[in-house]
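The structure appears right after this line, and notes come after that.
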Amino acid sequence: TVGCVAVDNEGNLATATSTGGLVNKMVGRIGDTPIIGAGTYANHLCAVSATGRGEMIIRGTVARDVAAVMEFKGLSLKEAAAYVVEQVPPGNVGLVAVSSTGEVTMPFNTTGMFRACATEDGYSEIGIWPD
Amino acid sequence: MGWAIALHGGAGDIPLSLPPENRLPREAALRHCLDVGIAALKAHKHPLDVVELVVRELENHQNFNAGKGSVLTTSGTVEMEACIMDGKTKKCGAVSGLSTVVNAISLARLVMEKTPHIYLAFDGAEAFAREHGLETVDPSHFITPENIERLKLAQEANRVQIDYTQPIQKEVKKDAASADVDSQIG
Numbered sequence: 001t002v003g004c005v006a007v008d009n010e011g012n013l014a015t016a017t018s019t020g021g022l023v024n025k026m027v028g029r030i031g032d033t034p035i036i037g038a039g040t041y042a043n044h045l046c047a048v049s050a051t052g053r054g055e056m057i058i059r060g061t062v063a064r065d066v067a068a069v070m071e072f073k074g075l076s077l078k079e080a081a082a083y084v085v086e087q088v089p090p091g092n093v094g095l096v097a098v099s100s101t102g103e104v105t106m107p108f109n110t111t112g113m114f115r116a117c118a119t120e121d122g123y124s125e126i127g128i129w130p131d
Numbered sequence: 001m002g003w004a005i006a007l008h009g010g011a012g013d014i015p016l017s018l019p020p021e022n023r024l025p026r027e028a029a030l031r032h033c034l035d036v037g038i039a040a041l042k043a044h045k046h047p048l049d050v051v052e053l054v055v056r057e058l059e060n061h062q063n064f065n066a067g068k069g070s071v072l073t074t075s076g077t078v079e080m081e082a083c084i085m086d087g088k089t090k091k092c093g094a095v096s097g098l099s100t101v102v103n104a105i106s107l108a109r110l111v112m113e114k115t116p117h118i119y120l121a122f123d124g125a126e127a128f129a130r131e132h133g134l135e136t137v138d139p140s141h142f143i144t145p146e147n148i149e150r151l152k153l154a155q156e157a158n159r160v161q162i163d164y165t166q167p168i169q170k171e172v173k174k175d176a177a178s179a180d181v182d183s184q185i186g
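Residue numbers (our numbering), protein chains in the order written: chain X, 1 to 131; chain V, 1 to 186.
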């Protein structure tokens, strides 16, 4: 799976995700990527793109939950994303997300996730495994 | 408040011993795609344009599981999916079951912008792509020798795999099960 989230100086948010799915998946299987709120979601607070085992991401409504936890629990993007990823059984999910205020987070509970990010203040990161 | 961008090329059981020949091209691709996104944001492109642009780049890179390099179904075919969403308007578009569309993410955006619907799949999505002149190719374009081998190993082990998970052979699974039993015994 691949994905990207972005926010501009005016707080406009967007997300995009694309995938081939799982190796050896059944013909006709639909994963989390195209299910709005499961693997891909954006609203006025944040934009999220997920990757991992689609069936688990759908059950966890992972992308929408990040936005919901921000909205209803008042957590920051980083806290909300970490909370949601923690609810999914280990080894199943990773996500990238940005908030309308320019916050970035890239949590995962798999061994690794190919990821990269940058912010206007000059911060940049490319990684695979946990720091 | 400033602009920000994040992208991923998939998650899974990526071994810490990943050989440089597998790691370096992916890191280079991540850096390239990040630079593309940064340049677009600096040029004041709308985030919707930025994420589509970056995901197209990732789809075109055969080391990632999307577009060229997509993993294979039990029948050895590709069935690609994509989704795009705008935060402020909550407009969104999604596609599934694509086998010939070069950039699924651009078709998802067309669904969002040119239809009253959110989600098109399989034959309908393919026909919609052709109606709007999106680039299409023979399905073999997306299939790499590496993914043919991955499918073979996955089928031998009788399992489905998320991105980058190392195939487990039947014999290894048996050993692992034995190890679990031993562990429970303590």
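Just so it is clear, CB atoms sit at the ideal spot from N, CA and C, and this is done for glycine as well.
In this text the structure is predicted, and so the values were computed from the model without any measurement.
Review point. Got a sec, what are the start and stop residues for the beta strand (DSSP E) X/F114 sits in?
Key: G112 to T119
Review point. Is it the case that the Cβ atoms of X/T19 and X/T40 are separated by a distance below 7 Å?
Key: no
Check your understanding: Does any CB atom of chain V fall closer than 7 Å to the CB of X/T58?
Key -> The displayed chain sequence assigns Ile, not Thr, to residue 58 of chain X. False, the Cβ-Cβ gap to chain V never drops below 7 Å.
Practice item. State yes or no: is the beta carbon of V/R26 nearer than 7 Å to at least one beta carbon in chain X? Key: yes
Review point. Span of the alpha helix (DSSP H) holding V/D123?
Key: F122 to E131
Check your understanding: By a C-beta neighbour count over all protein chains shown, 10 Å radius and 16 as the cutoff for buried, is V/S140 buried or exposed?
Key -> exposed
Check your understanding: Whose Cβ in chain X lies nearer than 8 Å to the Cβ of V/Q43?
Key -> Going by the sequence as given, residue 43 of chain V is Ala instead of Gln. By Cβ distance, chain X contributes nothing, its closest Cβ being about 11 Å from V/A43, past 8 Å.
Exercise for review: Go ahead and label X/M26 buried or exposed: buried means 16 or more other beta carbons lie within 10 angstroms of its beta carbon, across all protein chains shown.
Suggested key: exposed
Review point. Over what stretch of residues does the alpha helix (DSSP H) that includes V/D86 continue unbroken?
Key: It is not in any alpha helix (DSSP H) - V/D86 instead sits in the beta strand (DSSP E) that spans M80 to D86.
**Study point:** Check whether V/V55 and X/C4 have beta carbons under 7 Å apart
**Key:** yes
Point to revise | Chain-ordered neighbours of X/P34 on chain V, where CB pairs are closer than 7 Å | key: E81, A82, C83, A94, V95, S96 and Y119
**Study point:** V/G9 versus X/I126: straight-line alpha-carbon distance, rounded
**Key:** 11 Å
Review point. Does X/S18 get closer than 7 Å to chain V when you measure Cβ to Cβ?
Key: yes
Review point. Nearest to X/A133 by CA position, among X/M56, X/F108 and X/P90, is which residue?
Key: For chain X, the structure presents residues 1 to 131; residue 133 of chain X sits outside this window and is missing.
Exercise for review: For X/L13, return the contacting residues in chain V, with the cut-off set at a CB-CB distance below 8 Å.
Suggested key: P47, D86, G87 and K88
Check your understanding: For X/T19, which residues does DSSP report across the bridge?
Key -> V/E81
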